[in-house]
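Numbered by UniProt numbering, the letters in the sequence shown go through residues 1 to 486 in order. The beta-carbon is built from N, C-alpha and C at its ideal position, and this holds for glycine as well.
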Amino acid sequence: MQITIDDMQSVDTSIYAVYEGEGPPFRVTESQKQKYTLTWFYGRSHHETDDLVAGMGPRSGLTLEQVRRTGASAARALLKEKKASAVLVRASFREGEASAAISVKEELQAWMEGWMYGLYQFNKHRGVTANHQDLSLNLRVKDWQGLTREDMESILREASIRIKGTRLTRDLVNESPETLNPEAFVAVVEERFKKAPVQLHVYRGQELHDRQMNGLIAVGAGSQYAPAMIELSYNGASSSEKSPHIVLIGKGVTFDMGGMNVKIGRDISDARMDMGGAAAVVGAMDILVSRQAPVRVTALIAVADNLAGPDAMLPSSVIHYPNGLSVQVANTDGEGRLIIADALLHAANLGADKVIDIATLTGNVGAALGLEIAGIWGDRDITADLVDIGERNGERLWPMPLMDEYASELRSDYADLKNVGTSTLAGAITAALFIRHFVAESMKWVHIDMAGTVQYKREFPYSAAGATGYGARLLADYVEKQFLKT
Numbered sequence: 001m002q003i004t005i006d007d008m009q010s011v012d013t014s015i016y017a018v019y020e021g022e023g024p025p026f027r028v029t030e031s032q033k034q035k036y037t038l039t040w041f042y043g044r045s046h047h048e049t050d051d052l053v054a055g056m057g058p059r060s061g062l063t064l065e066q067v068r069r070t071g072a073s074a075a076r077a078l079l080k081e082k083k084a085s086a087v088l089v090r091a092s093f094r095e096g097e098a099s100a101a102i103s104v105k106e107e108l109q110a111w112m113e114g115w116m117y118g119l120y121q122f123n124k125h126r127g128v129t130a131n132h133q134d135l136s137l138n139l140r141v142k143d144w145q146g147l148t149r150e151d152m153e154s155i156l157r158e159a160s161i162r163i164k165g166t167r168l169t170r171d172l173v174n175e176s177p178e179t180l181n182p183e184a185f186v187a188v189v190e191e192r193f194k195k196a197p198v199q200l201h202v203y204r205g206q207e208l209h210d211r212q213m214n215g216l217i218a219v220g221a222g223s224q225y226a227p228a229m230i231e232l233s234y235n236g237a238s239s240s241e242k243s244p245h246i247v248l249i250g251k252g253v254t255f256d257m258g259g260m261n262v263k264i265g266r267d268i269s270d271a272r273m274d275m276g277g278a279a280a281v282v283g284a285m286d287i288l289v290s291r292q293a294p295v296r297v298t299a300l301i302a303v304a305d306n307l308a309g310p311d312a313m314l315p316s317s318v319i320h321y322p323n324g325l326s327v328q329v330a331n332t333d334g335e336g337r338l339i340i341a342d343a344l345l346h347a348a349n350l351g352a353d354k355v356i357d358i359a360t361l362t363g364n365v366g367a368a369l370g371l372e373i374a375g376i377w378g379d380r381d382i383t384a385d386l387v388d389i390g391e392r393n394g395e396r397l398w399p400m401p402l403m404d405e406y407a408s409e410l411r412s413d414y415a416d417l418k419n420v421g422t423s424t425l426a427g428a429i430t431a432a433l434f435i436r437h438f439v440a441e442s443m444k445w446v447h448i449d450m451a452g453t454v455q456y457k458r459e460f461p462y463s464a465a466g467a468t469g470y471g472a473r474l475l476a477d478y479v480e481k482q483f484l485k486t
């Protein structure tokens, strides 16, 4: 994949980004200009360039995610046609008609992010069906009014960093469990950040016992691979000790068989994706470090397998946490909240000011919100910032209630709490209520349940089936925005 600027070499396809009421230098119907509509106009011979019209819809109401998905769809359309090169033509721009909400710079970056997102393919385990096709794109400076070549090169670098972090997240989530177990996950993080200006410490074995990370110990007991808590800290060059300390917590269950409450089903392959929150945090840290962002942030990634086995955690077991709370394990498939609890307590010990935990926690959230939007609970100010960022990034969030009326669902007959509610209803809310018990009063906190958004269950025009990369850009942008305020 190569993106060039004003490269005069011949290409086999011209892509026209066309808005309603405008047009390319050939006849196009208004229906072909509707958003997400792709129309091929083939050359009369193999010597002539083919044209792809990418309908953008009206300029009014244009969103960055619409631009992003159009770019991704165009890239994938060229792959399917086995094209090798293209030029992007931003057709018939008229002054004053740009969306008031989107600048030319933002539109170009969204196009580039979408293009690179659409080209993603996870070929690692494919044999004869692998597609290693290369596709280059050329941009023309004259199409992007007000931007110089240097501006465009800077935008391209930024888009590349963001998609690199997103691809890392997608690769981790797509990986198979025999390759990505808890120990392998730790190794990936160590390898990625070994030359980066970060502090990395991995708590495992006796250190977990010494720090009483008993939820993580219990959840990982059924696996041959040892659980771990990864602590990854980055302090940007211009940030100071007075800057707010933001902690990102990711749930990293590399395979969730449900423990002794074994999951059943014809195909439970997506049990390998129960580390989507952890992968999002790793991707976000990759973006922040690559950008040399002036921020102060720590990632806490709780990594384990949740398997059945002779030493596995049993239903009715009691876990004792160092904040004095005891938890009855009513169902071993409610494991994510048990390890997030450890991370939250550790975040308080680190002096965190703001904490975001992100997890593929409950199928219940998907039942409530579907597969395009995640749920968020907690601090209103953090929630508002994240919702706003998510709308622009295409990583959408919907504020959900912390219903104190449901707290009785978590009462236990012989411990302080149960890890799951008595009712099958409102499971995403009761999970958030459980997690809140481990949030220190000194911290502002939100919880993101991304179980529905971690993957595309089928192929779309703008993406292959599989991991979405949800959360990487969302978290990175939030962290950086907080430091722009200071």
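The alpha-carbon of Tyr225 is positioned some 21 Å away from that of Ser317. When the Cα atoms are used, Ser136 and Pro294 turn out to be separated by approximately 33 Å. Exposed is the label assigned to Met8, since fewer than 16 other Cβ atoms lie within 10 Å of its Cβ. In the DSSP annotation of this structure, the continuous segment of the alpha helix (DSSP H) that includes Ser73 starts and ends at 64-80.
With fewer than three CB-CB distances shorter than 8 Å, the stretch 48-64 does not count as touching the stretch 169-183. Contact annotation: Gly378 and Ala451 have beta-carbon atoms that are not nearer than 8 Å. In the DSSP assignment, Phe185 falls within the alpha helix (DSSP H) that extends over 182-193. Unbroken beta strand (DSSP E) stretches of 3 residues or longer found wholly inside the stretch 309-370: 318-320, 326-328, 354-359, given in chain order. If only uninterrupted beta strand (DSSP E) runs of at least 3 residues are considered, those enclosed by the stretch 375-413 are 396-399. Gln34 carries a coil assignment under DSSP once its states are collapsed to helix, strand and coil. With a 10 Å radius around the Cβ and a threshold of 16 neighbouring Cβ atoms, Tyr42 comes out exposed.
DSSP, read as helix, strand or coil, puts Gln224 in coil. Contact annotation: Gly252 and Ala312 have beta-carbon atoms that are not nearer than 8 Å.
Of all C-beta pairs linking the stretch 14-29 to the stretch 152-167, fewer than three are shorter than 8 Å, placing the two stretches out of contact. Counting along the chain, the unbroken alpha helix (DSSP H) around Gln206 starts and ends at 206-210. Bridge partners of Tyr19 according to DSSP: Gly57.
The criterion of a C-beta distance shorter than 8 Å is not satisfied by Val329 and Ile339.
Per DSSP, reduced to three states, the secondary structure at Leu108 is helical. DSSP, reduced to helix, strand and coil, places Lys164 within a helical segment of the structure shown. For Lys485, the enclosing alpha helix (DSSP H) has its first and last residue at 472-485. Membership of Ala302 in the beta strand (DSSP E) is indicated by the continuous run 296-306.
By the 16-neighbour rule on beta-carbons within 10 angstroms, Phe185 is buried.
The Cβ atoms of Asp413 and Ser326 lie no closer than 8 Å to each other. Collapsing the DSSP output to three states places Met229 in a strand. Here Ile264 carries a coil assignment [DSSP, helix/strand/coil].
In the DSSP annotation of this structure, the continuous segment of the beta strand (DSSP E) that includes Asn138 starts and ends at 136-139. With a cut-off of 8 Å on Cβ pairs, the stretch 20-34 is not in contact with the stretch 422-435, counting fewer than three such pairs. Distances from the alpha-carbon of Ser160 to those of Leu119, Leu475, Gly390 put Leu119 closest.
In the three-state scheme derived from DSSP, where H, G and I count as helix and E and B as strand, Trp115 is classed as helix. According to the DSSP assignment, Ala293 belongs to no beta strand (DSSP E), since it is labelled neither H nor E. Just measuring C-alpha positions, the residue of Gly236, Asp270, Ile376, Glu191 sitting nearest Leu484 is Gly236.
Of the other Cβ atoms in all chains shown, 16 or more fall within 10 Å of the Cβ of Pro227; this residue is therefore buried. In this structure, Ala472 lies near Ala284, with their beta-carbon atoms less than 8 Å apart. Counting only runs that start and end inside the stretch 404-462, the alpha helix (DSSP H) elements of at least 4 residues fall at 427-436. Three or more pairs of CB atoms, one per stretch, sit closer than 8 Å, so the stretch 362-376 contacts the stretch 393-400.
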